[in-house]
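Chemist: Protein chains in written order, with the working numbering: chain A, 372 to 531; chain B, 150 to 370. A virtual CB, placed ideally from N, CA and C, is assigned to each residue, including glycine.
(1) In whole angstroms, what is the alpha-carbon distance linking residue 474 of chain A and residue 465 of chain A?
(2) Considering only the beta carbon of each residue, do residue 439 of chain A and residue 294 of chain B sit closer than 8 Å?
(3) Report the option in A:380, A:421, A:430 and A:423 whose CA atom is closest to the CA atom of residue 392 of chain A.
(4) By the criterion of Cβ-Cβ separation under 7 Å, what are the contact partners of residue 422 of chain A in chain B?
(5) If you pair each beta-carbon of the stretch 312-332 of chain B with each one of the stretch 216-233 of chain B, do three or more pairs fall below 8 Å?
(6) Run the proximity test for residue 467 of chain A: is its beta-carbon closer than 7 Å to any non-hydrogen atom belonging to the ligand MN?
(7) Shortest alpha-carbon distance to residue 543 of chain A belongs to which of B:228, B:296, B:188 and B:174?
(8) To the nearest angstrom, how far is the alpha carbon of residue 233 of chain B from that of residue 336 of chain B?
(9) With burial defined as no fewer than 16 other Cβ atoms inside 10 Å of the residue's Cβ, what is the status of residue 150 of chain B: buried or exposed?
(10) Between residue 434 of chain A and chain B, is any beta-carbon pair separated by less than 8 Å?
(11) Return the CA-CA distance between residue 428 of chain A and residue 324 of chain B, expressed in angstroms with no decimal places.
(12) In the stretch 281-317 of chain B, which residue ranges form an unbroken alpha helix (DSSP H) of at least 4 residues, counting only runs that do not cross its ends?
(13) Between residue 431 of chain A and chain B, is there a C-beta pair that is closer than 8 Å?
(14) Is it buried or exposed for residue 161 of chain B, if we count other Cβ within 10 angstroms and need 16 for buried?
(15) Between which residues of its own chain and residue 458 of chain A is the CB-CB distance below 6 Å, once the five residues before and five after are set aside?
(16) Any C-beta of chain B sitting closer than 8 Å to the C-beta of residue 533 of chain A?
(17) Just to confirm the assignment, what range does the alpha helix (DSSP H) spanning residue 460 of chain A have?
(18) With DSSP collapsed to three states, give me the class of residue 389 of chain A.
(19) Helix, strand or coil for residue 222 of chain B per DSSP?
(20) Tell me, to the nearest whole angstrom, how far the beta carbon of residue 215 of chain B is from that of residue 156 of chain B; I am working on the premise that it is less than 8 Å.
(21) So, is the C-beta of residue 338 of chain B closer than 8 Å to a C-beta in chain A?
(22) If the cut-off is 9 Å on Cβ atoms, which residues from the stretch 444-462 of chain A count as contacting chain B, listed in chain order?
(23) Any beta-carbon of chain B closer than 8 Å to the one on residue 441 of chain A?
(24) For chain D, find out if any of its Cβ atoms is closer than 8 Å to the Cβ of residue 426 of chain A; answer yes or no.
(25) Please classify residue 340 of chain B as buried or exposed, where buried requires at least 16 other C-beta atoms within 10 Å of its C-beta.
(26) Can you name the residues of chain A whose CB is closer than 9 Å to the CB of residue 286 of chain B?
(27) I'd like the list of long-range same chain contacts for residue 318 of chain B, defined as Cβ closer than 6 Å, with 5 residues on each side in sequence excluded.
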């Protein structure tokens, strides 16, 4: 290990993971809170520990997005940005967090649910299913030729 | 009239700093206009928080939160970005600069930490240990978010006007705090980005020199 390329790959992967986490946080905030109104700023059923977990999730989410984008700029600057690895890492970050959220937060700790006053299992299946799907896409990308076309392709990026 | 007395502080800061910048310019030194812009924006935030109508209506919780956002979060961050200590050290008379050890202690890390989380990484003036700053920042930001939701949930603070006004204040604290916190995260990273770039450039130059020596062992012709 070591050398410029591996360092660049490290930047690319970290950037993707963090942006993925930021995207999930953003979707949660805009789609579930603002658009669908399934979640609310606060409802009486939220326990105190849920408030703390919400606060941490929110702060970690937007910080991850900012840091991830700066790391993306850094990887591009190093000329070692690999688009497919970045998208793969983004899906892994997003899907990994969804799985954690769906299993640990929703089911084990029972902090909150996806939607209230409805049969919950189709929603759970979708939320966790998307996570598995995201991980699956990542694996597919992993076997593909990483240097091939992708969005955000840079001309100076070295082949893998 | 007495309500305007607190304004003396931002006015003095602005006047003193602008005089120093002018003196520096007249000596032929560069002082980035962006720093002056940060100074003006920062003192404007402080002034808005201290002047009526904000200062005279802070029994309403929403107004109090606005004051907190301006005076506690946005103002200090902008003032720190205006590099006031650098400016003071460059323009202070010799007698003042001779007690430099005293003044540089302001820039030490523990002192910077106590100066407030937002301005600390900027004030310390060193190459930032970005990971540590980010961890501290996330903890503080999460605390801010949690506190505002808790206040909403418990209808706090008592005596902060009608319940609707308290809820509005708590939401303003949450969303307003998020806007400022995103900007602060970006500020921390804009301190990191160029310093990493300089390190990268040095490394590349060194590799280029080594490659050159390898090709022409006797040195450049």
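Modeler: According to the structure shown:
(1) Looking up residue 474 of chain A in the first chain gives position 103. Looking up residue 465 of chain A in the first chain gives position 94. In a straight line, the C-alpha of residue 474 of chain A is about 14 Å away from that of residue 465 of chain A.
(2) In the first chain, counting from the first residue as 1, residue 439 of chain A sits at position 68. In the second chain, counting from the first residue as 1, residue 294 of chain B sits at position 145. Cβ distance not < 8 Å, so residue 439 of chain A and residue 294 of chain B don't count as in contact.
(3) For the purposes of this step, residue 392 of chain A is taken as residue 21 along the first chain, with counting starting at 1. For the residues A:380, A:421, A:430 and A:423, the minimum Cα distance to residue 392 of chain A belongs to A:430.
(4) Mapped onto the first chain, residue 422 of chain A falls at position 51. Residues of chain B passing the Cβ test: 295, 298, 299 and 302.
(5) yes
(6) The ligand MN is not part of the structure shown, which contains no ligands of any sort.
(7) A question about residue 543 of chain A goes unanswered here, because the residues of chain A that appear run from 372 up to 531.
(8) As a first step, residue 233 of chain B must be located in the second chain, where it is residue number 84. As a first step, residue 336 of chain B must be located in the second chain, where it is residue number 187. Approximately 17 Å, taken between the alpha carbons.
(9) Reading the second chain from its first residue, position 1 is the one you call residue 150 of chain B. With fewer than 16 other Cβ atoms within 10 Å, it is exposed.
(10) Working through the first chain from its first residue, we reach residue 434 of chain A at position 63. Closer than 8 Å to some Cβ of chain B, the Cβ of residue 434 of chain A qualifies, so yes.
(11) Walking along the first chain from the start, residue 428 of chain A turns up at place 57. Walking along the second chain from the start, residue 324 of chain B turns up at place 175. Between residue 428 of chain A and residue 324 of chain B, the C-alpha separation is close to 14 Å.
(12) none
(13) If you number the first chain from 1, residue 431 of chain A lands on position 60. Answer yes: the Cβ-Cβ gap between residue 431 of chain A and chain B drops below 8 Å somewhere.
(14) Here residue 161 of chain B corresponds to residue number 12 of the second chain, with the count starting at 1. Exposed.
(15) The residue labelled residue 458 of chain A in the question sits at position 87 within the first chain. Cβ neighbours of residue 458 of chain A beyond the five flanking positions: none.
(16) Any answer about residue 533 of chain A is impossible in this case: the structure gives chain A only from 372 up to 531.
(17) Sequence index remark: in the first chain, residue 460 of chain A carries index 89 (1-based). Note, residue 460 of chain A: alpha helix (DSSP H), 454-471.
(18) Looking up residue 389 of chain A in the first chain gives position 18. In this structure, residue 389 of chain A counts as helix in the three-state DSSP scheme.
(19) Start at 1 with the first residue of the second chain, and residue 222 of chain B comes out as number 73. The answer is helix: DSSP assigns residue 222 of chain B an H, G or I state.
(20) As a working mapping, residue 215 of chain B is identified with position 66 in the second chain. As a working mapping, residue 156 of chain B is identified with position 7 in the second chain. Not a contact, Cβ separation roughly 17 Å.
(21) Here residue 338 of chain B refers to the residue found at position 189 of the second chain. Yes, because at least one Cβ of chain A sits closer than 8 Å to the Cβ of residue 338 of chain B.
(22) 444, 445, 448 and 449
(23) Numbered from its first residue, the first chain carries residue 441 of chain A at position 70. Closer than 8 Å: yes.
(24) The structure shown contains no chain D; its protein chains are A and B.
(25) As a position in the second chain, residue 340 of chain B is number 191, starting the count at 1. The residue is buried, with at least 16 neighbouring Cβ atoms inside 10 Å.
(26) Here residue 286 of chain B corresponds to residue number 137 of the second chain, with the count starting at 1. Ordered by position in chain A, the residues that pass the 9 Å Cβ test against residue 286 of chain B are 430 and 434.
(27) Here residue 318 of chain B is taken as the residue at index 169 of the second chain, counted from 1. Taken in chain order, the residues that qualify are 210, 211 and 214.
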